[in-house]
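Notes follow the structure.
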Amino acid sequence: MLGAHRWEFVGKPPMIFTVVAILLFANVFVSLALFYLAKRLIPSNLPNSQVCSAMANYGIQYGVPGWLCWYVNWDMTISGTLLALVILIMIILRGDVRRVR
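What follows is the structure in structure tokens.
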């Protein structure tokens, strides 16, 4: 099977790798939760809310706080940066990484 390799650290993974991996999975989980459950999670008539064009689904615009609109606008960039950090950590610590078949 082509591309069926797994990479792992020899021994215990470094703490920075663990922290970045947890942040990446948490970011993906929150992103998917916002995408699929926005109608049920976000109450209407929030105080200090603004219309966020990044959260417009099928013509429905949501009024959300400014920080949430910022997060939704930068979500893909944050995910890409965290994934790049995971890869960079594995490249920097390549002496401790092995390929398992």
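Numbered per our numbering, the sequence shown spans residues 75 to 175.
Quick reminder that beta carbons are idealized off the backbone N, C-alpha and C, glycines included.
A quick note: this is a predicted structure, and the numbers were derived from the prediction, not measured.
1. Would you grab the beta carbon distance between L159 and N101 for me? Rounded to a whole angstrom, and I think it's under 8 Å.
2. Could you say if the region 81 to 91 and the region 159 to 170 meet the contact criterion of at least three C-beta pairs nearer than 8 Å?
3. Tell me, which residues are paired with C126 by DSSP?
4. Alpha carbon to alpha carbon, how far is E82 from R173?
5. Taking the beta carbon of Y110 as the centre, do at least 16 other beta carbons fall within 10 Å, making it buried, or is it exposed?
Taking the geometry as given:
1. By 1-based counting over the sequence shown, the position of residue 159 is 85. By 1-based counting over the sequence shown, the position of residue 101 is 27. Their Cβ separation, rounded to whole angstroms, is 12 Å, which puts L159 and N101 out of contact at 8 Å.
2. yes
3. Stepping through the sequence shown from its first residue, residue 126 is reached at position 52. C126 is bridged to Y136.
4. Position 8 of the sequence shown, counted from the first residue, corresponds to residue 82. Position 99 of the sequence shown, counted from the first residue, corresponds to residue 173. One C-alpha to the other measures close to 7 Å.
5. Looking up residue 110 in the sequence shown gives position 36. Flag for Y110 reads exposed.
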